[in-house]
Structure formats: structure tokens, C-alpha cells
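Visitor: The sequence shown begins at 114 in the working numbering and counts up by one.
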Amino acid sequence: MGFMSPDSAFMRGLSNTVDAIWINLLMIITSIPLITIGAALTAGHDAARRVAIAEGHVTANYFKAFRANFLKATGLWIIFGATGAGLVYSWVVLQITPLLIPKIGLTLVWIIGFEWVWALQARFENSFGGVLANAFIFGVSRIGATLVLVTIDAIFLGLLVASWVYMPQGLFLLIVLGYGSVLMLHVPILERVFAACVALSGTSDASAPSDTSSTTSPQRQ
Numbered sequence: 114m115g116f117m118s119p120d121s122a123f124m125r126g127l128s129n130t131v132d133a134i135w136i137n138l139l140m141i142i143t144s145i146p147l148i149t150i151g152a153a154l155t156a157g158h159d160a161a162r163r164v165a166i167a168e169g170h171v172t173a174n175y176f177k178a179f180r181a182n183f184l185k186a187t188g189l190w191i192i193f194g195a196t197g198a199g200l201v202y203s204w205v206v207l208q209i210t211p212l213l214i215p216k217i218g219l220t221l222v223w224i225i226g227f228e229w230v231w232a233l234q235a236r237f238e239n240s241f242g243g244v245l246a247n248a249f250i251f252g253v254s255r256i257g258a259t260l261v262l263v264t265i266d267a268i269f270l271g272l273l274v275a276s277w278v279y280m281p282q283g284l285f286l287l288i289v290l291g292y293g294s295v296l297m298l299h300v301p302i303l304e305r306v307f308a309a310c311v312a313l314s315g316t317s318d319a320s321a322p323s324d325t326s327s328t329t330s331p332q333r334q
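(1) Going by alpha carbons, who is nearest to L189 out of S203, I214, W229, G257?
(2) According to DSSP, simplified to helix, strand and coil, what is S144?
(3) Could you check whether the segment 172-183 touches the segment 195-208, counting it as contact only if at least three pairs of C-beta atoms, one from each stretch, sit closer than 8 Å?
(4) So what does DSSP say about M114, is it helix, strand or coil?
(5) Going by Cα to Cα distance, which pick from L147, I302, R163 is closest to F193?
(6) Under the rule that 16 or more other beta-carbon atoms within 10 Å means buried, what is V295, buried or exposed?
(7) Grouping DSSP H, G and I as helix and E and B as strand, with all else coil, what is V222?
(8) In terms of residues, what are the limits of the alpha helix (DSSP H) holding A267?
(9) Would the segment 238-256 and the segment 266-274 be scored as touching if the rule is three or more Cβ pairs under 8 Å?
(10) When the Cα atoms are used, what is the spatial distance from M280 to I268?
(11) List, from N- to C-terminal side, the alpha helix (DSSP H) runs of 4 residues or more that fit wholly inside the segment 133-220.
(12) Where does L221 land, buried or exposed, given buried means 16+ other C-beta within 10 angstroms?
See below:
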């Protein structure tokens, strides 16, 4: 079978790249009102996961997840958006030495929660507080996976900054690939963690991971 075969690694990679770009564009469009960023992040995680398992159509999956998660994801975004803005303000404006350690600590806590909360909201049915608590439980108990997720995001942000400063002509390509491509890299790591926790808890694949702090049921299909 040649590399142009639909089943070849090259064609699968190309198809996944196209899907990642489309997910990224959908996320950008649906994030324009700003308040909807949480729902967009959650829908992006769900759509990227379903691309990985070849389930359904990307656009249909995205908007189904966007609608289903809108209220809870928006509430989570209000928390993370407001605290994130506060942290940015503290780093830019509040240049006070005694605040350095608290700022570092709070920033690390924010990053840990942010890396997990949208995937958990997209993957499992849980209460608002349960999703929020589990984001930090997973972030700390699976610190190795968290560090990998953070590294992927940091590399992408670093490429954006480097392109902006040294090679602006490459910025368009990075924006097009965007966070949708980052999510495609996140999915195998997240799913490996979730699968291990599900296996440990002795439940079905769609059930809650064993780390969860409250009752959880399968996410909407």
C-alpha cells in the first residue's frame, strides 16, 4: 500500500491535521463573544477526542458538545477567566516583592486546573463542583501527565512569540493550526490517564475515573 492510501500513516496524519485546523477555526469563531470561550474549549476537547477514535463528523460533534456543555463550561470559564485576568494583572502591574511567592503559587494552581478542567467537562458527566475539584485532583495526582500537557502548551506559545518577533510570516500558519492542533496532541495523554483510572476502578470505559471526588456518570454521546 502506497503512502497515498487512505489507510497509510501519511494520509491519516494529513486527515487529522485538517480536522485539527477545522476544530481550531470553530473554536475561534465560537469564542468571539469571549464569554463562550469555556464552551469552545470543552467542545474542542470533545471533537478532538472523537477525531482520534474516528467517531462521527467533526462539525456535528463540535456543536453538539458546545450546546450540551454550554452552561457548566461557561460557569467554569467565568472562574478561570476572572482569576486568570487577575493573575495577569498581578504580574504586569503589582510588582511587589512580597507577592512574588503567592503569585507563583496561584499561577501554578491556575495552570494545573486549566489543563484538566475542559477535558473532564467534555469527557464525564459530573456536578459543577465535582468537575472543578477533579481538575485539581487529576492535575496533582497525575503530575507527570500535567507536565507533558503544560510543556506542549508552552512550546506552542513559545513558537507564537518567536514567530511574532523573528519570523512574522510564519505567524499565520501557527494561528491556523492553533489550539486545535494542541488539543490533538493532548488527547492521547488525557485518554491514557482516563483509561487507566477507569480500569483501576473496575468500571466501563465511559464511566468515571477512580480519582473523582463525587458521583460521576458517562458524558453525553
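The C-beta atom is built at its ideal place from N, Cα and C for all residues, glycine as well.
Guide: On the basis of the supplied data:
(1) One-based indexing of the sequence shown puts residue 189 at position 76. Out of S203, I214, W229, G257, W229 has the C-alpha closest to the C-alpha of L189.
(2) Here residue 144 refers to the residue found at position 31 when the sequence shown is read from its first residue. Coil.
(3) no
(4) Start at 1 with the first residue of the sequence shown, and residue 114 comes out as number 1. The predicted model places M114 with a pLDDT of 49, which falls under 50 and marks its position as unreliable; any figure quoted below should be read in that light. In the structure shown, M114 sits in coil (DSSP, three-state: anything other than H, G, I, E or B).
(5) In the sequence shown, residue 193 corresponds to position 80, counting from 1. Comparing Cα positions, the closest option is L147.
(6) Along the sequence shown, read from residue 1 onward, the residue named residue 295 stands at position 182. Buried.
(7) Your numbering for residue 222 matches position 109 in the sequence shown. V222 falls in the helix class under three-state DSSP.
(8) In the sequence shown, residue 267 corresponds to position 154, counting from 1. Where A267 is concerned, the enclosing alpha helix (DSSP H) stretches over 256-279.
(9) no
(10) In the sequence shown, counting from the first residue as 1, residue 280 sits at position 167. In the sequence shown, counting from the first residue as 1, residue 268 sits at position 155. Roughly 16 Å between the two C-alpha positions.
(11) 150-165, 171-205
(12) On the sequence shown, position 108 is the one that residue 221 refers to. L221 comes out exposed.
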